[in-house]
Every structure is written in C-alpha cells, then in structure tokens.
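A.B. asks: Quick note on numbering: the sequence shown equals residues 1 to 559 in UniProt numbering.
Beta carbons are placed, not taken as given, at the ideal position from N, Cα and C, and that holds for glycine.
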Amino acid sequence: MGSSGFSWKLLDHPKLPKGKTVAVVVLDGWGEANPNQYNCIHVAETPTMDSLKTGAPERWRLVRAHGTAVGLPSEDDMGNSEVGHNALGAGRIFAQGAKLVDIALASGKIYEGEGFKYIKECFETGTLHLIGLLSDGGVHSRLDQLQLLLKGASERGAKRIRVHILTDGRDVLDGSSVGFVETLENDLENLRQKGIDAKIASGGGRMYVTMDRYENDWNVVKRGWDAQVLGEAPHKFTSGIEAIKKLRAEPKANDQYLPPFVIVDENGKPVGPIVDGDAVVTFNFRADRMVMIAKALEYENFDKFDRVRYPKIHYAGMLEYDGELKLPSHYLVSPPEIDRTSGEYLVHNGIRTFACSETVKFGHVTFFWNGNRSGYFNSEIEEYVEVPSDSGITFNVQPKMKALQIAEKARDAILSKKFDQVRVNLPNSDMVGHTGDIEATIVACKAADDAVKMILDAIEQVGGIYVVTADHGNAEDMVKRDKSGKPLLDKNGNIQILTSHTLQPVPIAIGGPGLSAGVKFRNDLPNGGLANVAATVMNFHGFEAPSDYEPTLIEVVDN
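See the structure below:
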C-alpha cells in the first residue's frame with residue numbers, strides 16, 4: 001500500500017470460487033458475419049466453435065472489436081491485433097495509434113514535442129525524409145496525416161522534403177496506389193510553388209520493401225534501405241506517378257509487391273538519398289512493420305545486412321514502436337500510458353500464468369496483452385512460450401501454421417496443473433486471411449477449430465473454465481462489397497478479394513466444468529467490447545475487477 005492508497009490486491013468475487021484453471025483462447029481474425037461462400041469460417045468445418053454458439057446460447061455472445069471500442073477514432077476504423085490485445089489485457093479503452101496522432105495533429109501539440117524539435121534541427125541545412133505506407137487504410141498509416149505533416153513541417157522551416165512511399169494493396173484495394181500518388185504529387189507541386197523543394201524520392205510495395213515484421217526477412221528492409229538511403233534500386237523513373245503506372249503495367253503486378261524504385265533527375269542522379277545532416281520520420285503509426293527499419297536507422301551497431309553507409313541523421317518515428325527497446329528513441333507522438341493491466345493484477349494476486357503463440361502473434365499474447373510491456377511481471381510464476389513460425393513462405397502455403405503445436409503446449413500446461421491461467425493466440429484465420437487465398441483460409445479456420453478442441457478437452461479433464469474469443473474480424477468476409485453489401489467485381493467480372501481486417505464483431509464463449517451453473521452473459525451490455533473481457537476473466541479467477549475497468553460481461557444468477 002503506497003501513500004496514494006493504491007494496492008494490487010484484488011477483492012474476492014462474492015459468488016465465484018478461486019482455484020480454477022482458466023484457458024483464454026484468442027482466435028486471431030475470427031469475426032462473425034452472414035453465412036455465405038466468402039465467409040471462410042462458415043464454409044470451413046468448425047464443429048467446436050459451432051457447438052459453443054449453439055450449445056449454450058446464454059454463454060455465447062458478440063463483442064465489438066473495432067473503432068471506438070478499441071480506442072480508434074471512428075466506427076469506420078477496422079480493429080487490429082495490437083489494439084485488440086491491448087483492450088483484452090488492459091480492461092479499459094485507451095486512445096490508440098491513429099487517434100493519438102489525430103489528436104496531436106489537430107491540437108498542434110505534435111509540433112511542440114521533443115520529437116519534432118529534434119528533427120527540426122536539420123531543417124536549415126538538411127532534407128526532411130518521410131518514409132511510410134501511402135494509403136488511407138487506417139491500419140498502419142493514413143494519407144491525410146501525411147498531408148498534415150507535410151503542411152506543418154513546411155510551415156515550420158522544412159525547405160527540402162523527400163517522400164519515400166510504400167504502396168499498400170493489402171488494407172485497401174489493389175491498384176489504389178495510383179490515386180494516392182496523384183494526390184501526393186499534387187500536394188508536393190503546391191509546396192514547390194511556395195518555394196519548397198518537395199519530391200517523391202523512392203518507393204516499393206509494402207510486402208517486398210521495408211515493411212517486414214518480426215525479423216522474418218531482413219532482405220525486405222535492405223531493399224528499402226538501398227533505395228531510400230543509398231539511392232539504388234533496379235528501377236529508375238523520373239516521377240512517382242510514372243513509376244507506379246509502369247510497374248503496375250507488368251504482368252501479375254500487385255501494389256503489395258511492387259519492386260523498389262528510385263526517382264532520378266535528368267542526369268540520372270537519384271533525387272533524394274538520405275545523407276549526413278538529414279532528418280528522417282517514419283510516419284506509420286502502427287508499430288509492428290516499422291520496428292525493423294527503425295533498428296536500421298537508429299542502431300550504430302547493426303549486423304542484419306550491410307548498410308554500406310550509415311548516415312548521421314536525426315530520426316524520429318510517428319510513435320514509439322517498441323516500449324521495451326525504447327525504439328525509436330525519438331518520436332513525434334507519445335504512446336498511451338497503459339498501466340495496471342489484468343495480467344499484472346493477476347500475477348500480483350498469485351495467478352500462475354502461461355502464455356503461448358507462434359512468432360507472428362507471440363508479441364500479441366504477451367507484450368500487447370500486458371500494456372506494451374516486454375518480459376515477465378514475476379518470472380517465478382509466469383512462463384511465455386514462442387513456437388517459431390514458418391519463414392520464407394506465405395502463410396497460405398502452410399495454412400495450418402503452428403496451431404496444433406500451440407494447442408499441444410496449452411494442453412500440457414493445463415494438464416500439468418502448474419498454471420491458473422493458460423492464454424494462447426491462434427493466428428491462422430488472420431494470417432492466412434491476409435493472403436486472400438479463400439481455399440487456404442478455409443483450411444486455416446478448420447486448423448484453428450481443431451486447436452480449440454484440444455484445449456477445451458484439457459480444460460474438461462481438470463475441471464476448469466474456458467473463455468474463447470477473438471481480437472478482430474478477417475476470415476469471415478473475404479470479398480469487397482458495395483454499400484448495399486453485394487460483392488464487388490473487377491473489370492473482368494471476377495470478385496474483388498478482401499485481404500484486410502473487417503468491422504465485424506467477434507464471438508466470446510464461456511464454459512467448462514469449473515464454471516458455476518448460474519453464470520451467464522448479462523443482457524444490459526449490448527455494446528460490450530474487447531475491453532470488457534478482462535474483468536470477465538478476473539471473475540473466473542475468483543476476483544472482482546478494479547473499479548475503473550470496463551464492466552464484466554457476466555452475472556451469476558442464483559439457481
């Protein structure tokens with residue numbers, strides 16, 4: 001008990017016992033949508049998830065996993081795994097990513113912060129480089145934020161600006177890159193008329209250039225580095241719009257995978273390599289695909305690829321991308337301060353915790369769950385296990401991914417009786433859904449369902465409790481739709497595949513032999529969201545949640 005009167009001690013729940021093993025299963029990218037042939041969850045054989053929905057209606061419901069429910073600016077913002085796991089673990093809604101940046105830009109606070117002052121030191125004699133995803137998808141970045149940043153920086157002394165673009169085609173329509181580049185070129189032309197030397201300097205597709213994650217393939221980052229820093233790329237063009245149009249004319253071209261290019265002047269010289277004395281901002285707000293480029297820009301000692309030269313620059317991220325690594329050390333907008341997460345409370349109250357996923361989602365079930373905090377709260381009673389993900393292939397090649405291995409580790413942890421909470425993330429429906437391969441996504445959904453069954457069988461054996469939910473939608477709708485909900489067709493009459501997350505709600509199911517007979521979902525929280533799950537899980541461990549948490553989804557009815 002500090003002088004403030006704060007205590008980690010949780011109050012006992014008046015009606016629910018302590019000592020039950022609780023499995024918390026998060027299906028990544030598993031939303032609820034109308035059954036049709038583009039709903040891979042519906043098409044797939046998923047007997048376990050089906051039985052949870054039909055078996056006990058008062059123990060299954062939907063929760064919101066997008067927009068304001070997870071701290072994003074509007075109901076048009078699809079959820080993502082980072083904000084979803086933050087909400088699931090924190091039990092409260094924190095302003096996130098895009099919303100934090102929106103607030104900082106609208107108030108002008110972004111220009112008063114340490115990060116902006118740091119890059120501004122280079123404006124007099126150096127170039128300001130902006131690197132990021134050129135898209136209005138709102139998952140990693142937003143075009144309007146880049147536009148505001150260009151305007152704000154030029155009004156505050158930036159005389160020479162170079163934009164290094166990454167094309168999307170994953171969170172937005174493939175082919176939309178052309179329109180985004182035209183919009184950007186128009187803005188840069190307006191700046192040039194005001195005497196500011198502003199140009200596109202390089203580019204490439206997000207999945208092939210710069211935006212790798214989890215150290216899956218450093219070659220992706222190297223391709224970006226060569227173009228952005230060294231001014232070297234296999235393709236050279238005289239303008240951004242020429243680059244995109246010509247590269248998209250190649251057979252099988254796709255915005256996600258456009259090869260790296262540099263823009264050159266009439267003498268064939270690159271117009272914007274990054275050199276000593278320059279300032280660099282990576283303008284994506286989402287962290288996972290910026291960490292690797294941040295390391296390359298920030299770390300003096302770096303061995304992942306040969307940088308050839310390492311310019312002395314002032315580098316800032318739009319946000320801090322890794323709170324534990326303090327990376328980057330300078331950023332334009334400060335992160336949400338997520339304190340007192342459910343994981344930390346439960347560990348303080350003796351709840352022995354096991355968490356597991358494969359590489360691509362391991363950080364979600366640990367770091368993001370724990371409020372953007374790496375490591376253990378108490379290594380004596382916690383164990384986090386990472387199953388290595390397949391690397392060097394796209395996930396539709398092996399759509400079962402590591403679901404079985406994750407489930408086996410969870411099963412063993414449950415049966416060992418060494419843990420009170422066993423928490424996993426099953427990535428299949430999200431990672432395979434992102435590939436746009438419908439057949440593979442159907443296989444992925446079945447694999448995730450099989451994994452859930454193995455975990456629930458183990459809970460059955462130890463008399464435990466399960467909570468099965470998801471972090472956002474993806475695999476439940478794999479086609480783009482018009483305003484009326486009809487599938488959109490391309491010019492050849494083929495359906496347009498949807499590779500992104502969705503705005504759909506996600507299921508939550510509770511049960512198990514350890515759950516008291518009178519426990520059911522309340523009816524007075526129709527707009528419940530992911531942040532309500534933390535209090536619910538705490539109840540199953542026999543505790544009341546802290547008073548400022550979003551309310552629990554359950555009630556205990558006396559029989």
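With 16 as the cutoff for other CB atoms within 10 Å, does residue 561 come out buried or exposed?
C.D. replies: This structure cannot speak to residue 561, because the chain is shown only from 1 to 559.
A.B. asks: Expressed to the nearest angstrom, what Euclidean distance is found between the alpha-carbon atoms of S107 and E550?
C.D. replies: 28 angstroms
A.B. asks: Hey, F362 and F419: beta-carbon distance below 8 angstroms or not?
C.D. replies: Result no, Cβ atoms of F362 and F419 do not sit closer than 8 angstroms.
A.B. asks: Spell out a yes or no on whether the segment 287-305 and the segment 252-271 are touching, meaning 3 or more CB-CB pairs, one atom from each, closer than 8 angstroms.
C.D. replies: no
A.B. asks: Evaluate the contact criterion for the segment 247-267 versus the segment 99-115: three or more CB pairs, one atom per stretch, below 8 angstroms.
C.D. replies: Contact annotation: the segment 247-267 does not touch the segment 99-115, with fewer than three C-beta pairs closer than 8 angstroms.
A.B. asks: Just curious, the beta strand (DSSP E) that K520 is in, first and last residue?
C.D. replies: V519 to F521
A.B. asks: Count the other C-beta atoms from every protein chain shown that fall within 10 angstroms of the C-beta of K9, then say buried if there are 16 or more, exposed otherwise.
C.D. replies: exposed
A.B. asks: Identify the residues that DSSP records as bridge partners of residue 564: which are they?
C.D. replies: Only positions 1 to 559 of the chain appear in the structure, and residue 564 is not among them; the question remains open.
A.B. asks: Between A287 and the rest of its own chain, which residues show a CB-CB distance below 6 angstroms, the 5 nearest in sequence each way excluded?
C.D. replies: Y321
A.B. asks: Round the Cβ separation of R248 and V178 to the nearest angstrom and send it over; I've been treating them as touching at under 8 angstroms.
C.D. replies: Indeed they touch by this definition, with Cβ atoms about 7 angstroms apart.
A.B. asks: Could you check which residue in I93, G5 and H434 has the C-alpha nearest to that of D548?
C.D. replies: I93
A.B. asks: Whether or not the segment 476-495 and the segment 27-38 are in contact is what I'm after, with contact meaning three or more pairs of Cβ atoms, one per stretch, closer than 8 angstroms; do they touch?
C.D. replies: yes
A.B. asks: Report the option in G433, K151 and A201 whose CA atom is closest to the CA atom of E242.
C.D. replies: A201
A.B. asks: Any idea which residues DSSP pairs P270 with across the strands?
C.D. replies: V264
A.B. asks: According to DSSP, is P507 part of a helix, a strand, or is it coil?
C.D. replies: strand
A.B. asks: For a test of the three-state rule: what should DSSP assign to K199, helix, strand or coil?
C.D. replies: strand
A.B. asks: Pull up the CB-CB distance for T54 and C445, whole angstroms please, since I reckon it's below 8 angstroms.
C.D. replies: Not quite, the Cβ-Cβ distance comes to about 17 angstroms (not below 8 angstroms), so this is no contact.
A.B. asks: Please classify V557: does DSSP put it in a helix, a strand, or coil?
C.D. replies: coil
A.B. asks: Comparing alpha-carbon positions, which option in L456, H472, E124 and N396 lies nearest V443?
C.D. replies: Taking V443 as reference, the option from L456, H472, E124 and N396 with the minimal CA-CA separation is N396.
A.B. asks: Beta-carbon within less than 8 angstroms of D144's beta-carbon, same chain only, minus the 5 sequence neighbours each way: which residues are those?
C.D. replies: D136
A.B. asks: Suppose contacts are defined by Cβ-Cβ distances below 8 angstroms. Is I110 in contact with L319 by that definition?
C.D. replies: no
A.B. asks: For S3, which of helix, strand or coil comes out of DSSP?
C.D. replies: The predicted model places S3 with a pLDDT of 42, which falls under 50 and marks its position as unreliable; any figure quoted below should be read in that light. Correct three-state label for S3: coil.
A.B. asks: If you draw a straight line from the alpha carbon of V385 to that of A233, how long is it in whole angstroms?
C.D. replies: 39 angstroms
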